[in-house]
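Heads up, the thing below is written out as structure tokens.
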Ligand SMILES: N[C@@H](CCC(=O)N[C@@H](CS)C(=O)NCC(=O)O)C(=O)O
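Numbering (the numbering used here), first residue to last: 679 to 964.
What follows is the structure, given as structure tokens:
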């Protein structure tokens with residue numbers, strides 16, 4: 679175990695803007711807008727404001743799945759919100775998500791626009807609205823909601839806990855890395871065990887639960903989040919790996935992963951999506 683940091687918390691916490699780390703310039707202890715700026719609105723019924731992080735990709739995969747099913751009313755404009763630039767603190771964004779986090783959605787299909795924030799709530803909203811990828815009743819619905827809520831409450835330990843202390847924190851703290859590695863490996867084992875019993879998380883059918891979990895725990899096999907694939911020995915979870923690759927080959931998953939993405943290979947980036955044609959723009963690797 680490493681030595682104590684020598685830090686004693688003050689009686690009342692103070693906002694130290696120079697605390698370091700990749701997110702220190704965007705994190706703030708205050709809610710609300712920092713500047714006045716309206717959000718752009720495109721032509722489609724669904725307006726999405728997001729970035730291609732796992733929480734954003736949940737929504738773009740579901741929208742692409744709906745379009746692949748032939749649900750034209752799920753046509754959407756995906757506008758880029760660059761949270762490293764503070765876009766989540768514009769007055770327009772805060773109006774649709776007072777929590778200032780991507781993703782946020784505006785459904786403009788009815789007489790009055792409906793705002794939806796929180797990725798899990800967005801998946802449920804779209805699943806219900808289009809009556810797809812969400813069992814309607816009984817034990818199947820309960821199972822689907824259970825795994826979807828499991829994802830939204832578990833992933834913060836992955837990103838905000840493990841990822842933060844293993845990868846982003848300016849100092850490596852053994853205690854914190856051990857604590858979150860333990861929890862994350864436990865979560866991977868929960869999924870691996872479940873996927874040893876069923877094709878998809880809820881049984882034989884692909885649902886919003888899979889769409890919710892894949893961008894974190896499935897995409898790990900493709901993206902090596904936090905450069906931790908080896909450290910966490912992810913490849914040992916064989917059933918999870920089987921599911922991760924099966925879903926990763928779905929067209930809608932491939933497409934959804936590209937939307938609002940601004941890093942990695944240029945062929946994998948569709949920073950804004952306003953029509954299917956945006957996927958066809960030829961791009962060269964540099
Ligand atoms: N519980 C939220 C979490 C959303 C979230 O943490 N979004 C991150 C990106 S993955 C974000 O917007 N971060 C910007 C910030 O914290 O200022 C959800 O599932 O929608």
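Every residue, glycine too, gets a C-beta built ideally from N, C-alpha and C.
Contact test: residue i Cβ vs ligand 1 heavy atom, cutoff 6 Å
{"i": "residue 721", "result": "no"}
{"i": "residue 728", "result": "no"}
{"i": "residue 766", "result": "yes"}
{"i": "residue 690", "result": "no"}
{"i": "residue 733", "result": "yes"}
{"i": "residue 779", "result": "yes"}
{"i": "residue 669", "result": "This structure cannot speak to residue 669, because the chain is shown only from 679 to 964."}
{"i": "residue 797", "result": "yes"}
{"i": "residue 900", "result": "no"}
{"i": "residue 840", "result": "no"}
{"i": "residue 862", "result": "no"}
{"i": "residue 724", "result": "no"}
{"i": "residue 835", "result": "no"}
{"i": "residue 886", "result": "no"}
Spatially closest choice to residue i from the options, by CA coordinates
{"i": "residue 708", "options": "773, 777 and 740", "result": "777"}
{"i": "residue 794", "options": "898, 731, 900 and 725", "result": "725"}
{"i": "residue 736", "options": "897, 921 and 957", "result": "897"}
{"i": "residue 775", "options": "944, 819, 749 and 792", "result": "792"}
{"i": "residue 759", "options": "956, 957, 953 and 938", "result": "938"}
{"i": "residue 948", "options": "958, 955, 860 and 936", "result": "936"}
{"i": "residue 741", "options": "941, 802 and 845", "result": "802"}
{"i": "residue 885", "options": "804, 706, 730 and 712", "result": "804"}
{"i": "residue 749", "options": "810, 687, 684 and 817", "result": "810"}
{"i": "residue 873", "options": "917, 910 and 814", "result": "917"}
{"i": "residue 762", "options": "743, 703 and 825", "result": "703"}
{"i": "residue 717", "options": "848, 783, 685 and 689", "result": "783"}
{"i": "residue 926", "options": "958, 743, 866 and 957", "result": "743"}
Which of helix, strand or coil DSSP assigns to residue i
{"i": "residue 909", "result": "coil"}
{"i": "residue 713", "result": "strand"}
{"i": "residue 642", "result": "Limits of the chain in this structure are 679 at one end and 964 at the other, which puts residue 642 out of reach."}
{"i": "residue 952", "result": "coil"}
{"i": "residue 782", "result": "strand"}
{"i": "residue 800", "result": "helix"}
{"i": "residue 881", "result": "strand"}
{"i": "residue 727", "result": "strand"}
{"i": "residue 810", "result": "coil"}
{"i": "residue 756", "result": "strand"}
{"i": "residue 664", "result": "Beyond the ends of the chain as shown, which are 679 and 964, falls residue 664; an answer cannot be given."}
{"i": "residue 793", "result": "strand"}
{"i": "residue 817", "result": "helix"}
{"i": "residue 769", "result": "helix"}
{"i": "residue 736", "result": "helix"}
{"i": "residue 706", "result": "coil"}
{"i": "residue 805", "result": "helix"}
7 Å Cβ cutoff met for residue i and residue j
{"i": "residue 720", "j": "residue 728", "result": "no"}
{"i": "residue 894", "j": "residue 833", "result": "yes"}
{"i": "residue 915", "j": "residue 856", "result": "no"}
{"i": "residue 787", "j": "residue 723", "result": "yes"}
{"i": "residue 746", "j": "residue 930", "result": "yes"}
{"i": "residue 836", "j": "residue 862", "result": "yes"}
{"i": "residue 826", "j": "residue 887", "result": "yes"}
{"i": "residue 829", "j": "residue 890", "result": "yes"}
In the region 907-948, which residue ranges form an unbroken alpha helix (DSSP H) of at least 4 residues, counting only runs that do not cross its ends? 916-926 and 929-936
Which ranges does the alpha helix (DSSP H) cover as unbroken runs of at least 4 residues, wholly within the region 824-868, from first to last along the chain? none
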